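Trainee:
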Amino acid sequence: MIVTGAASAAGLGFATARLLAREGHIVYLGDLDGDAAAARSEQLRGQGLKATGLAHDVTDEKAWAALIERVTAETGRIDGLVNNAGIAVLRWTAELDPASWDRQIDVNLKSVYLGCRAVLPVMEAQHSGAIVNLSSVAGLVGIPGASAYAARKGGVRLYSKSIAMEFADKGIRVNSVHPGVIWTDMQKVAIEDNPEQYDAINATIPMKRMGEPDDIGHMIAFLLSERAKYITGGEFVVDGGLTAQ
Numbered sequence: 001m002i003v004t005g006a007a008s009a010a011g012l013g014f015a016t017a018r019l020l021a022r023e024g025h026i027v028y029l030g031d032l033d034g035d036a037a038a039a040r041s042e043q044l045r046g047q048g049l050k051a052t053g054l055a056h057d058v059t060d061e062k063a064w065a066a067l068i069e070r071v072t073a074e075t076g077r078i079d080g081l082v083n084n085a086g087i088a089v090l091r092w093t094a095e096l097d098p099a100s101w102d103r104q105i106d107v108n109l110k111s112v113y114l115g116c117r118a119v120l121p122v123m124e125a126q127h128s129g130a131i132v133n134l135s136s137v138a139g140l141v142g143i144p145g146a147s148a149y150a151a152r153k154g155g156v157r158l159y160s161k162s163i164a165m166e167f168a169d170k171g172i173r174v175n176s177v178h179p180g181v182i183w184t185d186m187q188k189v190a191i192e193d194n195p196e197q198y199d200a201i202n203a204t205i206p207m208k209r210m211g212e213p214d215d216i217g218h219m220i221a222f223l224l225s226e227r228a229k230y231i232t233g234g235e236f237v238v239d240g241g242l243t244a245q
């Protein structure tokens with residue numbers, strides 16, 4: 001299993017990698033911060049789990065080729081890919097410069113294409129495999145001040161559906177997961193800067209609380225498992241009811 005953006009101890013990527021490792025999978029944790037990814041994998045190995053952390057730039061096609069080659073050489077196959085790495089530049093359109101727009105295309109959307117393009121030949125040769133691409137509730141509804149982020153996440157949603165159809169008869173399943181407001185390092189920093197924001201955010205969520213990284217990790221682990229063997233092209237919202245309003 002490969003999980004990108006997995007270096008943050010309180011992030012969605014690491015939560016997912018930890019759950020997959022506990023299920024017995026060999027997990028590769030990729031992140032631009034290779035030292036942090038290595039530290040997370042060492043943490044998992046200390047629990048007797050099988051994990052490798054490594055530096056990985058999801059926007060680099062050659063880096064993807066090298067990663068796929070390494071994993072197949074060491075394990076003989078690739079059963080799952082989680083395209084989790086992403087960034088959020090939240091600005092009003094008039095304040096959003098073209099460089100920031102392009103950067104979000106590269107990290108949040110092009111990286112998903114590069115990852116899928118790199119791993120699909122391996123999965124096709126196996127006639128098996130599952131891919132989960134992380135989108136967001138921002139890929140389902142409009143969010144003022146987040147137009148660039150929402151555009152990319154909406155792209156991830158429809159790209160996932162399209163390749164799910166392309167590879168459905170080849171034993172490969174592709175789904176997208178759409179987190180709502182999750183209590184991660186990013187949220188913690190924002191709340192520390194503005195404590196009132198915590199109550200304001202929770203008030204918008206029907207369940208009146210933020211989700212936890214494991215809430216997303218459990219959904220991803222399910223979609224990668226044989227329990228979801230008849231599920232492909234789906235979009236799975238984990239948001240405490242936020243988009244049901």
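Mapping to the numbering used here: the sequence shown position 112 is 112, numbers consecutive.
The beta carbon of each residue, even a glycine, is placed where N, CA and C say it ideally should be.
Predicted model only: the values in this text are computed from it and were never measured.
1) Excluding sequence positions up to five away, which residues of its chain have a Cβ less than 8 angstroms from the Cβ of Lys110?
2) Give a yes or no on whether the C-beta atoms belonging to Val112 and Tyr159 are separated by under 8 angstroms.
3) Could you give the residue range of the alpha helix (DSSP H) that holds Tyr230?
4) Span of the beta strand (DSSP E) holding Pro121?
5) I'd like the list of long-range same chain contacts for Val122, defined as Cβ closer than 8 angstroms, with 5 residues on each side in sequence excluded.
6) What's the C-alpha gap between Ile216 and His56?
7) List the residues that DSSP assigns as beta-bridge partners of Gly53.
8) Please work out which residues of its chain come closer than 8 angstroms, Cβ to Cβ, to Gly80, disregarding the five sequence neighbours upstream and downstream, and give them in chain order.
9) DSSP state of Val177, grouped into three classes?
10) Quick one: what's Ile182 bridged to in DSSP?
11) Rounded to whole angstroms, what is the Cα-Cα separation between Leu44 and Glu23?
Mentor: For this structure:
1) Counting from 1 along the sequence shown, the entry for residue 110 is found at position 110. Taken in chain order, the residues that qualify are Thr59.
2) The residue you call residue 112 lines up with position 112 of the sequence shown. The residue you call residue 159 lines up with position 159 of the sequence shown. For Val112 and Tyr159, yes; Cβs fall inside 8 angstroms.
3) By one-based count along the sequence shown, residue 230 stands at place 230. Looking at the DSSP string, Tyr230 is not in any alpha helix (DSSP H), and its letter there is neither H nor E.
4) Taking the first residue of the sequence shown as 1, we reach residue 121 at position 121. Taken as a continuous stretch (DSSP letters only), Pro121 belongs to no beta strand (DSSP E), being part of the alpha helix (DSSP H) at 111 to 126.
5) Numbered from 1 along the sequence shown, position 122 holds the residue referred to as residue 122. Excluding positions up to five away in sequence, the list reads Ile68, Thr72, Arg77, Ile78, Gly129.
6) As a first step, residue 216 is located in the sequence shown; it is residue number 216 there, counting from the start. As a first step, residue 56 is located in the sequence shown; it is residue number 56 there, counting from the start. Within the model, the alpha-carbon separation for Ile216 versus His56 is close to 22 angstroms.
7) Taking the first residue of the sequence shown as position 1, residue 53 is located at position 53. Note: Gly53 sits in a beta bridge opposite Leu29.
8) Sequence index remark: in the sequence shown, residue 80 carries index 80 (1-based). Within the same chain, Gly80 has close Cβ partners Met1, Ile2, Leu20, His25, Gly129, Ala130, Ile131, Val132, Leu224.
9) Start at 1 with the first residue of the sequence shown, and residue 177 comes out as number 177. Secondary structure at Val177: strand, using DSSP grouped into helix, strand and coil.
10) Along the sequence shown, read from residue 1 onward, the residue named residue 182 stands at position 182. According to DSSP, which records beta bridges pairwise, Ile182 is partnered with Gly211.
11) Reading the sequence shown from its first residue, position 44 is the one you call residue 44. Reading the sequence shown from its first residue, position 23 is the one you call residue 23. Rounded to whole angstroms, Leu44 to Glu23 spans 12 angstroms at the Cα level.
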